[in-house]
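**Student:**
In the numbering used here, the protein residues as written are 3 to 142.
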């Protein structure tokens, strides 16, 4: 199945299907809030893994940061995989894709935040994003 995945930017036609995955990791996320963020330019920061039927199986929110300690940082605030089978394969392929993007962008580090329901509220909190003490840092 993982070889049948399409990984790329969240498309407008995938917004509703991706919401189901996002809500699995962030139960307080409302559909209205999800639609608002994914209808604007922020949608380009969402990367999805979709199966051959275009069901979203994995979702991440990633963007570049100029971190005060890490320098150029590829920051993954949301990384969720939901599938009835082969979750590890899907996660590995999605992670491999974002890691390649980080390397191609000449980032010094890639950080994956620890998934917590409040992450959605912290996406725009620059002070939180510039901290060093959360998530898992991966030197590149």
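Note that beta-carbon positions come from the ideal geometry of N, C-alpha and C, so glycine has one too.
(1) How would you write the range of the alpha helix (DSSP H) that residue 91 sits in, first residue to last?
(2) Three Cβ pairs or more, each shorter than 8 angstroms: is that satisfied between the stretch 67-84 and the stretch 123-142?
(3) Please name the residue in 61, 7, 46, 9 whose C-alpha comes closest to that of residue 25.
(4) Determine whether the beta carbon atoms of residue 132 and residue 70 lie at a separation below 8 angstroms.
(5) Measuring straight from C-alpha to C-alpha, what distance separates residue 34 and residue 19?
(6) Please return the same chain residues whose Cβ sits closer than 7 angstroms to the Cβ of residue 104, not counting the five positions on each side in sequence.
(7) How should residue 102 be labelled, buried or exposed, when 16 other C-beta atoms within 10 angstroms of its C-beta is the threshold for buried?
**Tutor:** According to the data block:
(1) 89-106
(2) yes
(3) 61
(4) yes
(5) 14 angstroms
(6) 76, 112, 142
(7) exposed
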